[in-house]
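Here's the structure we're looking at; comments come further down.
Residue numbers (the UniProt record's numbering): 1 to 498.
The structure is reproduced here in structure tokens:
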């Protein structure tokens, strides 16, 4: 009996050892999944319970592009491999290390998080409005659920940043949670010079390391990869010579990309038109809008200011709302109009803020002339303002004047918008442009205007009276042309309006 008992004991020991070995292998595989693969199982190499490891069935269905298991699907695997290659390049150049604590921002599926773990950056996590643990926790780019200076590396791919409604808040959160000396990598489809500089303006906490064009995930499109490093002592760029709040003459920095945009604009009408009411109106069709040449993705707000707006249908409703190319952006609209005739109409217009004053170089009471029809010799009220004159004490002028309140338009503009905003302005102020434009330049407020549509008033030929010039304005067409030319030479994209 002893040999039989010994044999039974020997077999039992073998079974116990085999079972222990199997448990050890399973435990090792489980630890690998949790620490390296982020809890997901998608590989064909030694994968247990691949259909049950991921805790979010809905996400698994969403990611299953080819109808099969999402973690073995070609699109899913291709995305992970794509990001893994990107991160390996960053590791090779020293921008990312295996010891980095990494964050992927607004990643719904977590392919980039998984790629980080695969290349060895184990301490990685993603955020999205709908959590998908363990790869992605709840959060978003504008409200990161982490304390300050938590990460050594942050990544924003798939054009996430340009889709943000408030990119400045998005950037501020990155600056808050990224450690000094940490790196930020952003992938964007916007590749023009204007949007690139708009992007850099958002990240004042960082310095640019490099940018390069690379293939996107599908290999059929090109994207821009931007690498930034958070500075220990962030620099805040200012205007040349002075800040906007200074009293000295300010000069806008005219970058090469701005000169190129101005160069690509429609040509100015050099010869005075004999029928300006026809020529200038037709010229509107030739205008090359800035939004047809650039990408607006990285602007924080979109603002349209109509100076001398008159009625809502005069230009806001008839032109800006219907014809101006907005790239599907929602613009804040300001109507600057002192004539009380039009004020009531704006009370019913949603999305339009009325400033019931006259744009001027300082805050003071003004008088404007009531427009007269030269052929009928009668006063025309409500047809728009005439020349603005400074305060007068002589009562002899009061019969043809209306009193209005003027305000320092340049100061208001500086308080209302900033460099990260996209600002479009139309100005039709009955000759006051020769006062307002120099004030905008002197104060530096002109630097805040991205695109200007300016009607310049001069002693043009009259439609009613052939061979006669309008006595209303003293400036000549040549002086108007000088004004347009000087603005363009200063890097301001200005168009001749009618």
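C-beta: ideal position from N, C-alpha, C; glycine also.
Review point. Going by Cα to Cα distance, which pick from 124, 106 and 494 is closest to residue 114?
Key: 124
Point to revise | Inter-stretch contact at 8 Å, needing at least 3 Cβ pairs: the stretch 282-290 / the stretch 400-409 | key: no
Exercise for review: Could you give the DSSP three-state label for residue 182: helix, strand or coil?
Suggested key: strand
Review point. Quick one: any contact between the stretch 154-169 and the stretch 252-268, if contact means 3 or more CB pairs under 8 Å?
Key: no
Review point. Is residue 421 near residue 295, with beta carbons less than 8 Å apart?
Key: no
Exercise for review: Excluding the 5 residues preceding and the 5 following residue 82 in the sequence, name in chain order all residues of the same chain whose CB lies nearer than 7 Å to its CB.
Suggested key: 217
Review point. Within 10 angstroms of its Cβ, does residue 492 collect 16 or more other Cβ (buried), or is it exposed?
Key: By the neighbour-count criterion, in which a residue is buried when 16 or more other Cβ atoms sit within 10 angstroms of its Cβ, residue 492 is buried.
Check your understanding: How many Å lie between residue 89 and residue 80 at the Cα?
Key -> 14 Å
Check your understanding: For the alpha helix (DSSP H) that contains residue 412, what are its first and last residues?
Key -> Note, residue 412: alpha helix (DSSP H), 409-416.
Check your understanding: Residues bridged to residue 473 by DSSP?
Key -> In DSSP, residue 473 forms no bridge with anything.
Check your understanding: CB-CB under 7 Å to residue 97, same chain, minus the five flanking residues each way: which ones, in chain order?
Key -> Result list for residue 97: 91, in chain order.
Check your understanding: Rounded to whole angstroms, how far is the Cβ of residue 136 from the Cβ of residue 84, which I believe are closer than 8 Å?
Key -> Not a contact, Cβ separation roughly 17 Å.
Review point. Under the three-state reduction of DSSP, which class applies to residue 109: helix, strand or coil?
Key: coil
Exercise for review: Starting from the C-beta of residue 428, find all residues in its chain whose C-beta is less than 6 Å away, skip the five residues before and the five after it, and write them out in chain order.
Suggested key: 308 and 455
Review point. Which residue comes first and which comes last in the alpha helix (DSSP H) that contains residue 177?
Key: 167-177
Exercise for review: Jot down the residue ranges of each uninterrupted beta strand (DSSP E) in the stretch 251-308, minimum 3 residues, whole runs only, in chain order.
Suggested key: 302-307
Check your understanding: For residue 331, does the three-state DSSP call read helix, strand or coil?
Key -> coil
Practice item. Mind checking who residue 230 pairs with in its DSSP beta bridge? Key: Note: residue 230 sits in a beta bridge opposite 206.
Check your understanding: residue 84 by DSSP, collapsed to three states: which one?
Key -> Helix.
Practice item. Give the DSSP bridge partners of residue 104, in chain order. Key: 126 and 155
Exercise for review: Within 10 angstroms of the Cβ of residue 495, are there 16 or more other Cβ atoms? Answer buried if so, exposed if not.
Suggested key: buried
Practice item. Whole angstroms is fine: what's the gap from residue 337's alpha carbon to residue 275's? Key: 28 Å
**Study point:** Contact set for residue 273: own chain, Cβ-Cβ below 6 Å, skip 5 residues either direction
**Key:** 279
Practice item. Thinking residue 332 and residue 302 are a contact (beta carbons under 8 Å), I'd like their distance in whole angstroms, please. Key: 7 Å
Practice item. Compare the beta carbon distance of residue 212 and residue 170 with 8 Å and say whether it is the shorter of the two. Key: no
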